[in-house]
Amino acid sequence: MGTGYTTIMYGPESIEDALGDIAACRYDGVEISLEKIRANDPETVGRWLEEYDLEFYLAMSEWIETEDAVRRVIDDVPVAADLGAEFVGILPPQRARHDGDTVEDWLSRISDAALEAGLRPLVHHHGATTVEQPDEIRHYLDAVDGLELLFDTAHYYPYGDNFPDGNVTDGIERFADDIGYVHLKDVDPVKDFAANRDALTDADFHLDNVINYFRSFTDLGEGILDFEAIFETLSDAGYEGNYTIEIENRTERPLVHAKRNYDYWAAVRDA
Numbered sequence: 001m002g003t004g005y006t007t008i009m010y011g012p013e014s015i016e017d018a019l020g021d022i023a024a025c026r027y028d029g030v031e032i033s034l035e036k037i038r039a040n041d042p043e044t045v046g047r048w049l050e051e052y053d054l055e056f057y058l059a060m061s062e063w064i065e066t067e068d069a070v071r072r073v074i075d076d077v078p079v080a081a082d083l084g085a086e087f088v089g090i091l092p093p094q095r096a097r098h099d100g101d102t103v104e105d106w107l108s109r110i111s112d113a114a115l116e117a118g119l120r121p122l123v124h125h126h127g128a129t130t131v132e133q134p135d136e137i138r139h140y141l142d143a144v145d146g147l148e149l150l151f152d153t154a155h156y157y158p159y160g161d162n163f164p165d166g167n168v169t170d171g172i173e174r175f176a177d178d179i180g181y182v183h184l185k186d187v188d189p190v191k192d193f194a195a196n197r198d199a200l201t202d203a204d205f206h207l208d209n210v211i212n213y214f215r216s217f218t219d220l221g222e223g224i225l226d227f228e229a230i231f232e233t234l235s236d237a238g239y240e241g242n243y244t245i246e247i248e249n250r251t252e253r254p255l256v257h258a259k260r261n262y263d264y265w266a267a268v269r270d271a
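In terms of full-length UniProt numbering, the sequence shown opens at residue 1 and continues consecutively.
Structure (structure tokens):
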């Protein structure tokens, strides 16, 4: 059971810096997008992973909004496998843009390509996308052979049974047999968070709704999620995989946030 960090706060030109920061903070592994791997050349990324002694946990797709995007992801899957990734994460399209059959077809084709390459495919349930609500998660997991769940603590919070309380253990219990990988981030909801959530569910992508929803995501321990309960419930459910911290809104001093979040999670994990 390792602890990883994402490179989401680093641009494509800063991936070596990202890996250096992540290694300096004593993380075990890393998550990198397929687009950032492509921008830096896979051989170079592989050399950096070896130099900084980081496991490559997961290669994240781009948003699969078009047929061309799906094809790019499928083409890049073998590259992720060659770099030693265990998982490929799939980011679903925005709500109301595509019918369910199209989304199911896209998920199935990427999953088939991942399995053929020896990777485990994961769907990343995500606010404002076609895989947002618990019933939608369940539908696509059942519909696509071999597909597992990337459980994201912050993205489950708005749709769980315990909302607005910071307890997302109902999601862990519901999807315990499907969770292959975990994202950790906290939520500090703005005043109109529920209204922003509902607007995005209705595909009302007004800028205020988007900004207020996603800016509520924050560093571990600075919001309302109960990470002790999250860890305990996952452990009780038999989860033995890695935990990856995904901080999105702290673009200044990323090294400081990487270290702060590592220390917070280590205290939870080792309590």
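All C-beta atoms in this analysis are idealised placements derived from N, C-alpha and C, irrespective of residue type, glycine included. What you are looking at is a predicted structure, and each value in this text was computed from that prediction instead of being measured.
Handout entry: Residues near N167 in its chain [Cβ-Cβ closer than 7 Å; skip 5 each side]
Key = D226 and A229
Problem - the stretch 243 to 260 / the stretch 1 to 15 touching (three or more Cβ pairs under 8 Å) - result: Three or more beta-carbon pairs separated by less than 8 Å link the stretch 243 to 260 to the stretch 1 to 15, which places the two stretches in contact.
Handout entry: Beta-carbon gap between R72 and E62 smaller than 8 Å
Key = yes
Exercise for the section: Please confirm whether T164 and A117 have their CB atoms less than 8 Å apart. Expected result: Residue identity differs from the one stated: residue 164 is Pro in this sequence, not Thr. Taking 8 Å as the Cβ cut-off, P164 and A117 do not qualify as a contacting pair.
Exercise for the section: Would you check if the distance between the CB atom of G4 and the CB atom of F87 is smaller than 8 Å? Expected result: no
Practice task
Compute the Euclidean distance between the alpha carbons of E67 and D152, then round it to the nearest angstrom.
Solution key: 26 Å
Practice task
Below 6 Å CB to CB, which residues in the same chain sit around A154 once its five sequence neighbours on both sides are set aside?
Solution key: K185, V187 and F217
Practice task
Using the Cα positions of D112 and A199, report the straight-line distance between them to the nearest angstrom.
Solution key: 34 Å
Handout entry: Spatially closest choice to Y140 from A23, F175 and G221, by CA coordinates
Key = Of A23, F175 and G221, the residue nearest in Cα terms is F175.
Practice task
Starting from G46, trace the alpha helix (DSSP H) both ways and give me its first and last residue.
Solution key: P42 to E51
Handout entry: Spatial distance of C25 from D101 (CA atoms)
Key = When rounded, the separation of the alpha-carbon atoms in C25 and D101 is 43 Å.
Practice task
Just list the beta strand (DSSP E) runs in the stretch 221 to 257, keeping only unbroken ones of 3 residues or longer that don't cross its boundaries, in chain order.
Solution key: 243 to 245
Exercise for the section: Could you tell me the distance, in whole angstroms, from the CA atom of L119 to the CA atom of P93? Expected result: 22 Å
Problem - Integer-rounded CB distance, given that L122 should sit under 8 Å from L91 - result: Actually they do not touch by this definition, with Cβ atoms about 10 Å apart.
Problem - Residues near E173 in its chain [Cβ-Cβ closer than 8 Å; skip 5 each side] - result: T233 and A237
Practice task
Report back the beta-carbon spacing between E248 and F205 to the nearest angstrom; my notes put them in contact at under 8 Å.
Solution key: With a contact defined as Cβ atoms closer than 8 Å, E248 and F205 miss out at about 17 Å.
Handout entry: Rounded straight-line distance, which links the Cα of K191 to that of V79
Key = 43 Å
Practice task
Determine the closest residue to D142 out of E104, E13 and V268, with distance taken between C-alpha atoms.
Solution key: E104
Practice task
Keeping to the same chain, check which residues put their C-beta closer than 6 Å to that of H124; ignore five residues upstream and five downstream.
Solution key: G89, L91 and L150
Exercise for the section: Starting from the N-terminal side, write out each stretch of the beta strand (DSSP E) that is 3 residues or longer and does not extend beyond the stretch 150 to 206. Expected result: 179 to 184
Problem - Reference D178, options P134, D208, P189 and T201, closest by Cα - result: P134
Problem - DSSP state of S111 mapped onto helix, strand, coil - result: helix
Practice task
Could you say which of A69, L49 and L54 lies nearest to E35 if we only look at CA atoms?
Solution key: Nearest of A69, L49 and L54 to E35, Cα basis: A69.
Exercise for the section: Classify I90 as helix, strand or coil using the three-state DSSP reduction. Expected result: strand
Problem - Limits of the unbroken alpha helix (DSSP H) element including H124 - result: It is not in any alpha helix (DSSP H) - H124 instead sits in the beta strand (DSSP E) that spans R120 to H124.
Handout entry: Three-state secondary structure (DSSP) of L19
Key = helix
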